[in-house]
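Numbering (my numbering), first residue to last: 1 to 1119. We treat Cβ as the ideally placed atom computed from N, Cα and C, and that holds for glycine. None of the values given here were measured: they were computed from a predicted structure.
Following this line, the structure appears as structure tokens:
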């Protein structure tokens, strides 16, 4: 009901705006000033050394104004060059006419006069002088800015260092205008300032109105796709760390599935969804791929999510999320899960610049979800739970009570160990350094960059070290532009030798971790379980590392005005080496280590080595054509792309390592089997080869920038799919309407931009094993194999008819700006139907295989996204700005069709009895549904749980056949809220993320309260709401009932939360301060991330690795 009401409000809002805004141009209560006409009239014009007369005519045709001048004063045969796209009329005129000519607007005429020497002002007139600099948001000088006293002809330009001096006679209400092509117009009220520091932002047409598709750039004004652009400035407002986490904060459609197990582990790669799950999740475990991961494009080429995870954020120029068919179809078979396009920075024009960025971070573990018993409370709980019962024999009772009194003695002696802090690093310090040296001339530019990131986790000795070096150069020769970017990256990831954090949360607090001699205890007394601290000091190695080199080469040929050919070639090679070493003394080898049988004892200790090598080659060629004929604009992009990828993995494992000093594979006593096959102890390995080719094209047409259409198509061929279905033909079509260009809105002061767009089309997905369509054989490695009598056996059933998984994407959207961009909003509604989803089909046992891969699944994701930004205060003269923003995303997931194999999967899952809800695939339900048996609560008479059967009857027996959907992990709304406040050199940014309407199964209440094992520490809530005697009204069953609690609706809770994800405060030093320091730029930023989490669910988070709060101090220095 709430959703229907919400949609009605949205639909009513649009005509209300039309009615409200249309009143302004009809009445004469709001006359339009000359300055407003100059700003509201916009011009798009490109001219190279053309006569002013021709340029004037083009401006006349676009503005419906007429130039008026005298040939004796204005030489219209002079040539000029200009490249302006959707610029205001005053900026275009100031650029064209310069200081030689002046102009005034009278009625429908632009009157141009020759600039003459200003007559000397009367002696009574006081002259004013203002000096200053103009820079962009990065602190770089902006050259050639037109600076004008509003309403007069007194003006000047900024020089090559961005400096200016402006003199003018004093008059009331003076305003200084700053304008430049490609930059947003700035107005500053003059109140007697002697100097000004003006920061100009790049015009929306240069950043937000350009959609970086990857192969090319598209003009957002006439773009029908649904896309979000995130700039480098946006990234800097959130965090200096993980880019993927930053994207989630800025766009709610990009969701990182929270990993309650891994928490803040710096080595855990997140699972990501863009507009929901379109593939069946069961395939992930079968094929070791993540079928719902979006495709990542870095500087025009596909890369892994791990590459983006390890990317230096200071190198990023922009990130573009492509969501619907119109935006993604150009990528064909890789587009079903959405596209994330990342563009890195290129050197800017100007003198040599040296920029350093240093981040210094400290982190603290967030343990607020844990509420464990102290030593005395734990001992009391053991008594209540019947750990020390009486027995038929007196000796049993005496032994039990003796154990109890021994523990009581430890409590009395003050043993109360806080085990949660034992593996935690109380002073987790991380630091990151980035250095860039660049210079840009007219024809040659270069950039040298390097970074080092020492990211220490909150668990002791866990870290991720990143090292990167890059060399970029760009050379222009006539109409040719050469670009090459060579990068090298090294990553070393070390997992904590302290093991899983969950083991520390289970240890009883009265147990000492050292013996009377000060040595770390290996196994605890009484419970006879291993001390997790012991393994941290015996030389355990758990490490992953890789080296990667990438070279991107681009050749761009500007054949003529509006015609361009871009050829790109990329090569990458990645070598990885993962090591795992446990010496014989490791607690996991307890039985082997203590064995009296020599052959068994020799197996204690393992060394596992995984060596992988991947090579990728990608080449594409894109032809671009743009033509403007009066009011008609045509854009075409067409290209071809080939991709070759090869990956090899070799794995071996050896056993028998007496101590940590022998941590080398040759010191082992035997090999261990690490792969399936025909028997024998042998190494393992795999090889993946992918080859694909694609042909693509896009066409965009617009008339007067009012009405526009997009068409795109791609034909993809891939070795991943069956021989009978190698090729897929994918397409999209879109239509849009810029309503604000219509006569009834173009002069509106309320609605300054209103764009409607819609698109539909098919995209594909291939995030699967490259060999899934092939029939696979393996050699039988036995006695005859060694004597050249090799036999082979069938290991996988292929499917030559296997085809692409396709997704039909439908999207409608609206972009809105009110009150000259004081309020901006976007709205998108989508329906994505994934068809021919890959799933497993059950085979008869007589065939020797349980299943094979087929196209039988069908999944739907539908929902909406809303973004809103409100500028509360915008006072450029005072340097004060304040804005509020927020977003919301809703996604509904429905499984429309499944295979018989998934029916068999459901049956198998129901047969597994434990405390956790099972994943079940049922048509018509969300794939993230929580399946439970409905509970009527705890019977006050017996302390047992009462269930409701599907027929409505009550029973105390749990039956899998009675399971229903008790909730879903998918929230109704997910989004962000935030604010930005700027005052002169100070800036404050605050971002919160929220989730509403989802449910979760509180496993903490099950495992640590109701099913709590009294031999280990438990949640404090074991004392609350437990049934003890007949008549108790309680939430939890009998405290002495140690049976397993199966999935029940009692533990489903509403999962609503709001988190303060990021707060940052920054100060940018002004010019006078920088001159004393002899610096070009200095900015200091303080970040606080994951500050708090307010949730309706109290449960333990970060089971294997805790969550963390972090605080970072960043220095940005320019020399």
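Margin query: For residue 173 and residue 190, I'd like the C-alpha separation in whole angstroms.
Written below: In the chain shown, residue 173 corresponds to position 173, counting from 1. In the chain shown, residue 190 corresponds to position 190, counting from 1. For the pair residue 173 and residue 190, the Cα-to-Cα distance works out to about 7 Å.
Note to self: What residue range does the alpha helix (DSSP H) around residue 1040 cover?
What the structure shows: Counted from its first residue, the chain shown places residue 1040 at position 1040. It is not in any alpha helix (DSSP H) - residue 1040 carries neither H nor E in the DSSP assignment.
Check: Since residue 199 contacts residue 135 with CB under 8 Å, what's their CB separation in whole angstroms?
Finding: As a working note, residue 199 is residue 199 in the chain shown. As a working note, residue 135 is residue 135 in the chain shown. The distance from the Cβ of residue 199 to that of residue 135 is about 6 Å, consistent with a contact at the 8 Å cut-off.
Notebook entry, point to check: For residue 974, which of 276, 550, 50, 93 has the nearest alpha-carbon?
Noted result: Walking along the chain shown from the start, residue 974 turns up at place 974. Distance from the Cα of residue 974 is smallest, within the candidate group 276, 550, 50, 93, for 276.
Item checked: DSSP-derived helix/strand/coil call for residue 973 -> If you number the chain shown from 1, residue 973 lands on position 973. When DSSP states are grouped into helix, strand and coil, residue 973 belongs to the strand group.
Check: In chain order, what residues of the same chain have a beta carbon less than 8 Å from the beta carbon of residue 859, not counting five sequence neighbours either side?
Finding: Sequence index remark: in the chain shown, residue 859 carries index 859 (1-based). Excluding residues within five positions, the ones whose Cβ falls inside 8 Å are 277, 278, 279, 280, 833, 834, 837, 893, 894, 895, 896, 927.
Next item on the list: Mind checking who residue 1045 pairs with in its DSSP beta bridge?
Entry: The residue you call residue 1045 lines up with position 1045 of the chain shown. Residue pairing by DSSP places residue 1045 opposite no residue, since no beta bridge is assigned to it.
Next item on the list: Drop a sphere of 10 angstroms on the beta-carbon of residue 406, count the other beta-carbons inside from all chains shown, and report buried for 16 or more, exposed for fewer.
Entry: Along the chain shown, read from residue 1 onward, the residue named residue 406 stands at position 406. The residue in question, residue 406, is exposed, as its Cβ has fewer than 16 Cβ neighbours within 10 Å.
Margin query: Please classify residue 950 as buried or exposed, where buried requires at least 16 neighbouring CB atoms within 10 angstroms.
Written below: The residue given as residue 950 occupies position 950 in the chain shown. Taking all protein chains shown into account, residue 950 has fewer than 16 neighbouring C-beta atoms within 10 Å of its C-beta and is therefore exposed.
Item checked: Residue from 427, 244, 488 whose Cα sits closest to the Cα of residue 449 -> Counting from 1 along the chain shown, the entry for residue 449 is found at position 449. Nearest option by C-alpha distance: 488.
Check: DSSP three-state call for residue 32: helix, strand or coil?
Finding: Locating residue 32 in the chain shown gives position 32, where the first residue counts as 1. Residue placement at residue 32 is flagged as unreliable, the pLDDT there being 40, under the threshold of 50; a coordinate-derived value is accordingly withheld.
Check: Between residue 154 and the rest of its own chain, which residues show a CB-CB distance below 6 Å, the 5 nearest in sequence each way excluded?
Finding: Start at 1 with the first residue of the chain shown, and residue 154 comes out as number 154. So the list reads 168, once near-sequence residues are dropped.
Notebook entry, point to check: With a CB to CB cut of under 6 Å and the five nearest residues on each side skipped, what residues in its chain are close to residue 887?
Noted result: Looking up residue 887 in the chain shown gives position 887. 252, 867, 975, 976, listed in sequence order.
Item checked: residue 94: first and last residue of the uninterrupted beta strand (DSSP E) it sits in -> Mapped onto the chain shown, residue 94 falls at position 94. Segment 89-97 is the alpha helix (DSSP H) holding residue 94; no beta strand (DSSP E) there.
Next item on the list: For residue 141, write down the residues that DSSP places opposite it in a beta bridge.
Entry: By 1-based counting over the chain shown, the position of residue 141 is 141. Answer is 135, bridged to residue 141.
Margin query: Just to confirm before moving on: does the CB-CB distance between residue 759 and residue 719 stay below 9 Å?
Written below: On the chain shown, position 759 is the one that residue 759 refers to. On the chain shown, position 719 is the one that residue 719 refers to. Going by C-beta atoms, residue 759 is not nearer than 9 Å to residue 719.
Check: Which residues in the same chain have their Cβ closer than 7 Å to the Cβ of residue 1119, if we skip the five residues on either side of it in sequence?
Finding: Position 1119 of the chain shown, counting from 1, holds the residue named residue 1119. Result list for residue 1119: 354, 1079, 1080, in chain order.
Item checked: Nearest residue (CA-CA) to residue 469, options 417, 826, 551, 538 -> Here the question's residue 469 lines up with position 469 in the chain shown. For residue 469, the nearest C-alpha among the options comes from 551.
Check: For residue 923, which residues from the same chain have a beta carbon less than 8 Å from its beta carbon, with the 5 sequence-adjacent residues on both sides left out?
Finding: Taking the first residue of the chain shown as position 1, residue 923 is located at position 923. Apart from the 5 residues on each side of it in sequence, residue 923 sits with its Cβ closer than 8 Å to the Cβ of 895, 896, 897, 898 in its chain, given in chain order.
Next item on the list: Taking the CB atoms as reference points, tell me whether residue 365 and residue 459 lie closer together than 9 Å.
Entry: In the chain shown, the residue the question calls residue 365 occupies position 365. In the chain shown, the residue the question calls residue 459 occupies position 459. Yes, the pair counts as a contact, with Cβ atoms nearer than the cut-off.
Margin query: I need the DSSP call for residue 401, collapsed to helix, strand or coil.
Written below: Residue mapping note: residue 401 aligns to position 401 of the chain shown, counting from 1. Here residue 401 sits in helix by DSSP.
Notebook entry, point to check: Looking only at its own chain, which residues have a Cβ that is under 7 Å from the Cβ of residue 421, when we skip the five neighbours before and after it?
Noted result: Translated into positions along the chain shown, residue 421 becomes position 421. Beyond the five residues adjoining it in sequence on each side, residue 421 comes within less than 7 Å, by CB distance, of no other residue in the same chain.
Next item on the list: State the start and end residues of the unbroken beta strand (DSSP E) segment that holds residue 963.
Entry: The sequence position of residue 963 within the chain shown is 963, counting from 1. Per DSSP, residue 963 belongs to no beta strand (DSSP E) and is neither H nor E.
Checklist line | Local conformation of residue 315 per DSSP, three classes | finding: Residue numbering aside, residue 315 sits at position 315 when the chain shown is read from its first letter. Reduced to three states, the DSSP call for residue 315 is helix.
Notebook entry, point to check: Quick one: what does DSSP say residue 832 is sitting in, helix, strand or coil?
Noted result: For the purposes of this step, residue 832 is taken as the residue at position 832 of the chain shown. The answer is strand: DSSP assigns residue 832 an E or B state.
Checklist line | Element boundaries [alpha helix (DSSP H), containing residue 640] | finding: Walking along the chain shown from the start, residue 640 turns up at place 640. Per DSSP, residue 640 is not a residue of any alpha helix (DSSP H); the beta strand (DSSP E) it occupies stretches across 632-655.
Note to self: On the criterion of 16 or more Cβ atoms from any shown chain inside 10 Å, does residue 413 qualify as buried, or is it exposed?
What the structure shows: For this step, residue 413 is matched to residue 413 along the chain shown. Per the 10 Å Cβ criterion, exposed.
Item checked: C-beta contact flag for residue 262 and residue 346 at 9 Å -> The residue you call residue 262 lines up with position 262 of the chain shown. The residue you call residue 346 lines up with position 346 of the chain shown. Remark: C-beta atoms of residue 262 and residue 346 do not approach each other more closely than 9 Å.
Notebook entry, point to check: What's the gap between the Cα of residue 929 and the Cα of residue 807?
Noted result: The sequence position of residue 929 within the chain shown is 929, counting from 1. The sequence position of residue 807 within the chain shown is 807, counting from 1. C-alpha separation (whole angstroms): 22 Å.
Notebook entry, point to check: Counting along the chain, where does the beta strand (DSSP E) carrying residue 568 start and finish?
Noted result: As a first step, residue 568 must be located in the chain shown, where it is residue number 568. Looking at the DSSP string, the run of the beta strand (DSSP E) that includes residue 568 is 563-582.
Item checked: Contact under 9 Å by Cβ, residue 333 with residue 694 -> Position 333 of the chain shown holds residue 333. Position 694 of the chain shown holds residue 694. A contact, by the Cβ cut-off of 9 Å.
Next item on the list: Answer yes or no: do residue 501 and residue 1105 have a C-beta to C-beta separation smaller than 9 Å?
Entry: Here residue 501 corresponds to residue number 501 of the chain shown, with the count starting at 1. Here residue 1105 corresponds to residue number 1105 of the chain shown, with the count starting at 1. For residue 501 and residue 1105, yes; Cβs fall inside 9 Å.
Next item on the list: Express the C-alpha separation of residue 964 and residue 958 in angstroms, rounding to a whole number.
Entry: The residue labelled residue 958 in the question sits at position 958 within the chain shown. The residue labelled residue 964 in the question sits at position 964 within the chain shown. Straight-line measurement puts the Cα of residue 964 at about 13 Å from the Cα of residue 958.
Margin query: Between the stretch 698-717 and the stretch 629-638, can you find at least three pairs of beta-carbon atoms closer than 8 Å?
Written below: The way I'd put it, the stretch 629-638 does touch the stretch 698-717; three or more beta-carbon pairs between them come closer than 8 Å.
Margin query: Measuring alpha carbon to alpha carbon, tell me which residue in 320, 684, 102 is nearest residue 248.
Written below: Taking the chain shown and counting its residues from 1, the one referred to as residue 248 is at position 248. Of 320, 684, 102, the residue nearest in Cα terms is 320.
Notebook entry, point to check: Could you give the distance in angstroms between the alpha-carbon of residue 1101 and the alpha-carbon of residue 1107?
Noted result: The residue labelled residue 1101 in the question sits at position 1101 within the chain shown. The residue labelled residue 1107 in the question sits at position 1107 within the chain shown. Rounded to the nearest angstrom, the two C-alpha atoms are 7 Å apart.
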